[in-house]
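Asks:
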Amino acid sequence: MADLTPLDIAPYLVAGVGTLLIIWFFKNTAEAKASLSWPSVKGKVTRSIIETAQISFGDTDTNPNDLNVDVHYSYTVNGEEFSSSRIKIGGISRTSSSTKMRGVRIERSDAGDYTDKYYQNAEVDVFYNPENPKKAVLETGGSMYSFLIFGILLI
0 MADLTPLDIA PYLVAGVGTL LIIWFFKNTA EAKASLSWPS VKGKVTRSII ETAQISFGDT
60 DTNPNDLNVD VHYSYTVNGE EFSSSRIKIG GISRTSSSTK MRGVRIERSD AGDYTDKYYQ
120 NAEVDVFYNP ENPKKAVLET GGSMYSFLIF GILLI
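Shown next, in the form of structure tokens:
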């Protein structure tokens, strides 16, 4: 049997990643659609940070037009308190290497939309999964088509 080189394995890895992205797309699309009918409760923003997003982990270079939004909120369902940091289903979430926070990457021009709605101590509508109330979002629906296209291109 011949020795396999990284170049021999690479197409299979790329196809595997593409397949996982397509599976992720369909799973999250179903959840995004379901979230449109989730009930809502009032919640409170407990943390709200917007910072310049880093291009890559550990890299100090930044794109001045990209921002990372980190919003944490608490809410109560049937007397049980929950907390979450999920703004919406889909989109690009990432972890900032400088603060280890999970957030949503946005364009600088959209920053005002987030700071106006999700400031510290703001009262917000929290939409939660009635079958699993610890799954919640601040914005229902979602769009993951970029992941589907990227997944198909990788295959």
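Throughout the sequence shown, residue numbering follows numbering that gives the first Met the number 0, covering 0 to 154 in sequence.
Every residue, glycine too, gets a C-beta built ideally from N, C-alpha and C.
What residues in its chain sit with their C-beta under 6 angstroms from that of Lys87, if we drop five residues either side in the sequence?
Replies: Here Lys87 has Val136, Glu138, Gly141 as same chain residues with Cβ atoms under 6 angstroms from its own Cβ, once five neighbours each way along the sequence are excluded.
Asks: Could you give the C-beta distance for Val40 and Tyr127, rounded to a whole number, given that I count them as a contact under 8 angstroms?
Replies: Val40 to Tyr127, Cβ: 7 angstroms. Contact.
Asks: Quick one, are the C-beta atoms of Leu35 and Glu50 less than 8 angstroms apart?
Replies: no
Asks: Please name the residue in Leu20, Val76, Ile8 whose C-alpha comes closest to that of Asp124.
Replies: If we check each option's Cα against that of Asp124, Val76 comes out closest.
Asks: Would you call Gly42 buried or exposed, if buried means 16 or more other Cβ atoms sit within 10 Å of its Cβ?
Replies: buried
Asks: Please return the same chain residues whose Cβ sits closer than 8 angstroms to the Cβ of Ala121, not counting the five positions on each side in sequence.
Replies: Correct list, in chain order: Lys43, Val44, Ser47.
Asks: Can you give me the Cβ contacts of Asp32 inside the same chain, cut-off strictly under 8 angstroms, excluding the 5 residues immediately before and after it?
Replies: First, the residue type needs correcting, since residue 32 is Lys and not Asp in the sequence shown. Cβ within range, chain order: Gly140.
Asks: Quickly, what does DSSP pair Thr51 with across the bridge? List them, please.
Replies: Leu66
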